[in-house]
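According to the numbering used here, the sequence shown is numbered sequentially starting from -6. Some notes on the structure that comes next.
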Amino acid sequence: MGPLLSLLIVLSFGSIFYFWLKRHNKKLVIASVIATVVFTGLMTLTPEYKQEVTKEERQEKADNKKKTEKKKKANSSKQDDKYVVSKETLLSRAKKLKYGMSLNEVKSIMRVKPSEEENDRGFINLTYGKDIVDLGFDENKRLTAASTGAPQIQKQGEKAAQQKKKNAKSRESSLKSSAQYFGTKSSESIQNNPSAFKTTQDGDLLYILWNPGDHLPLLLRVDDTSTNVTNVYIYNKHGDNPKGRHLYTGRTIVQKKRSIVYY
């Protein structure tokens, strides 16, 4: 049926030009047009035509799917390029890292997405590339270690530890000097300067609070009037006992020595 209709469509379509150009017969031209339309309509109802249309639709869908997948793959590849850089680039960026940098500062310098892991204690590990740059952060999200890619971190960490130790030693020396100064100050001079020394009496014990400054903690002096013994502690503002670490013990100086003036 399909081939016959196809033949009839070709003949009727050809007759349109024949009767129009050769015979100049309008009635036959109209009849040929009507025949072409009818045969074409009948053609669309045949199984062969429907199968062909279905086949073309499937092919079109398949082609569109391939185009979509190809486009997605291209976009994905472009997206991946943002996170893939050369080993040389990673190492070059890692040279800018410094001990103690925050997690966000490090990510900003490296500029590519790392593999990130965090353990139960809050320590974070960042890995760039295939272990090209491996960084460790403490619980405060500060850069403290680099097993690969940034050897300067270890050196800077050792230097920072030495400086911290030095600062702690200097601070301890200042603290003990301040405690000795506070403990050897006469009771008279303390009473004459209430703006600097906060005093509280409890039986035989006289509690005196003083701020030595220089980022040192508050100091607590305890004078035992029954024994004339003075002790100085770091003030403990937490808990029931205000006495923190002990720093000084000595005889209570009630009055400073008077200078003898000869006339």
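Backbone N, C-alpha and C fix where the C-beta goes; we use that ideal spot for every residue, glycine too.
Within the same chain, show all residues whose beta-carbon is closer than 6 Å to that of residue i, passing over the 5 residues directly before and after it, in chain order.
i     : result
L21   : F12
Y110  : The sequence shown places Glu at residue 110, not Tyr. Hits under 6 Å: N118.
A139  : L128 and I146
T193  : Y200
P(-4) : none
If you follow the beta strand (DSSP E) that residue i is part of, which residue opens it and which one closes it?
i    : result
S179 : S179 -> no beta strand (DSSP E), and no H or E assigned at all.
L211 : Per DSSP, L211 belongs to no beta strand (DSSP E) and is neither H nor E.
L96  : Here L96 belongs to no beta strand (DSSP E); instead the alpha helix (DSSP H) covers L96 to M103.
D127 : V126 to F130
Y92  : No beta strand (DSSP E) contains Y92, which DSSP labels as neither H nor E.
Y121 : I117 to Y121
Assuming residue i and residue j are in contact, meaning their beta carbons sit under 8 Å apart, how far apart are those beta carbons, in whole angstroms?
i    : j    : result
K134 : I117 : 6 Å
Y228 : P210 : 6 Å
T29  : I9   : 7 Å
D195 : D217 : With a Cβ gap of about 11 Å, D195 and D217 do not count as contacting.
Spatial neighbours of residue i within its chain, please: C-beta separation below 7 Å, excluding the five flanking residues on both sides.
i    : result
D74  : Note that D74 scores 44 on pLDDT, short of 50, meaning its location in the model is unreliable and no value can be drawn from it.
I102 : R86, K89 and L90
L240 : L168, K169, A172, V225, Y226 and I227
Which two residues bound the contiguous alpha helix (DSSP H) that contains residue i?
i    : result
N224 : No alpha helix (DSSP H) holds N224; the beta strand (DSSP E) holding it covers V222 to Y228.
T82  : K80 to A87
Let me check understanding here. Comparing Cα to Cα, which of the options lies closest to residue i?
i     : options                   : result
S219  : P107, Y228 and T245       : T245
Q184  : S170, D197, I201 and S171 : I201
V105  : D113, L119 and K64        : L119
Q149  : E98, P187, G93 and K123   : G93
S(-1) : H17, T33 and K19          : T33
V99   : T47, L83, V26 and E41     : L83
K191  : N221, V215 and K157       : V215
Q248  : K162, K178 and K60        : K178
S163  : H208, E62, T61 and H17    : H208
E165  : Q44, V3 and R238          : R238
According to DSSP, which residues form a beta bridge with residue i?
i    : result
W203 : F190 and L212
K236 : Y228
Y11  : Y11 is not bridged to any residue.
E109 : L119
R135 : S95
D217 : L198 and V222
Y241 : V225
T141 : D127
Tell me whether residue i counts as near the ligand SAH, meaning its Cβ is closer than 7 Å to at least one heavy atom of that ligand.
i    : result
G115 : As far as ligands go, the structure on display features none, and thus does not contain the ligand SAH.
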